[in-house]
Every structure is written in structure tokens, then in C-alpha cells.
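Chemist: Numbering (our numbering) for the sequence shown: 3 to 131.
Positions of the beta carbon are idealized from the N, C-alpha and C atoms, including for glycine.
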Amino acid sequence: MPKAKQLTALVENRPGMLGEVGSALGAKKVNIVAFMATVADSHGTVRMVVDKPAAARKVFAAHGWETTEEEVLEVALPDTPGSLGRIAHRLREASVNIQYAYAGSAGSARRVNAYFGVSDLKLALRAVR
Numbered sequence: 003m004p005k006a007k008q009l010t011a012l013v014e015n016r017p018g019m020l021g022e023v024g025s026a027l028g029a030k031k032v033n034i035v036a037f038m039a040t041v042a043d044s045h046g047t048v049r050m051v052v053d054k055p056a057a058a059r060k061v062f063a064a065h066g067w068e069t070t071e072e073e074v075l076e077v078a079l080p081d082t083p084g085s086l087g088r089i090a091h092r093l094r095e096a097s098v099n100i101q102y103a104y105a106g107s108a109g110s111a112r113r114v115n116a117y118f119g120v121s122d123l124k125l126a127l128r129a130v131r
């Protein structure tokens with residue numbers, strides 16, 4: 003199973019902010035493969051996997067959005083009942099903690115790519131092979 007580069011941007015928590023992020027990336031032809039957005043008080047956190055991470059970092063910097071990059075576990079799951087449970091169980095058996103997860107299109111109606119922030123990426127990669 004592969005790894006993916008995830009970008010995390012800290013943005014303001016206000017109406018339209020997610021639209022601004024999406025439009026800014028779209029204007030530079032950066033495709034969002036998967037994302038999740040959460041809020042804590044006055045700030046939002048947008049985690050995403052994109053097709054052009056370097057271009058996305060430039061967009062974020064130009065808008066003054068603080069950004070970090072890290073590797074996350076990427077797993078292609080069949081779009082069937084129980085597929086998430088099976089992967090989560092394998093990670094648990096390897097003593098890997100799932101810190102967060104989100105999913106995006108795998109380009110097929112029968113598959114979805116799931117992205118996991120985990121406590122130990124190397125161990126997780128071995129566990130899901």
C-alpha cells in the first residue's frame with residue numbers, strides 16, 4: 003500500500019473560507035484528490051491530498067495560510083460493506099493507532115481511497131500489505 007503527501011493548512015473559521023481554498027487551488031490547476039475540514043474556535047484545519055503538492059504549497063503561502071506537509075497511509079478500499087473495518091482491524095492488530103481518517107475518489111464507483119494519519123507509518127505500511 004502506498005503513502006501519500008498530505009498538506010494541512012490552518013485557515014480562518016469564517017463563511018466562505020473552504021470555497022476560497024478550493025477556488026485558489028483550482029485557479030492554479032491543482033486537483034484536490036481528498037480532503038477533510040475541521041474547526042477549533044476561530045481557526046479551521048484543512049487536510050488534503052492533491053495532485054500537485056508543490057503548487058498547492060505555493061498557493062497556500064501566497065494566501066498566508068500556514069501549511070505543513072506529512073506522509074499518510076493511502077489505502078484503496080473496495081466500495082463494499084466492511085472494507086473499512088477490515089483495514090482498521092489490521093492496523094489495530096499491528097498496534098497502530100489511527101489518529102484521523104478521510105476518503106476521496108479513486109476514480110471508480112467501486113473503489114475509494116482512504117487516507118489515515120497513523121501513529122507509526124512504517125508499521126502501518128507493513129500491516130496493510
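According to DSSP, R49 sits in a beta bridge with which residue or residues?
Modeler: Paired residues: T10, M38.
Chemist: Start and end of the beta strand (DSSP E) containing S107?
Modeler: 100-107 is the extent of the beta strand (DSSP E) around S107.
Chemist: For H45, which residues from the same chain have a beta carbon less than 6 angstroms from its beta carbon, with the 5 sequence-adjacent residues on both sides left out?
Modeler: L12, N15.
Chemist: When you compare the CB positions of L79 and A116, do they come within less than 8 angstroms of one another, or not?
Modeler: Yes; because the gap between Cβ atoms is below 8 angstroms, this pair is in contact.
Chemist: Beta carbon of V51, beta carbon of A36: below 8 angstroms?
Modeler: Taking 8 angstroms as the Cβ cut-off, V51 and A36 qualify as a contacting pair.
Chemist: Quick check on DSSP: helix, strand or coil for K5?
Modeler: In the structure shown, K5 sits in a strand (DSSP, three-state: E or B).
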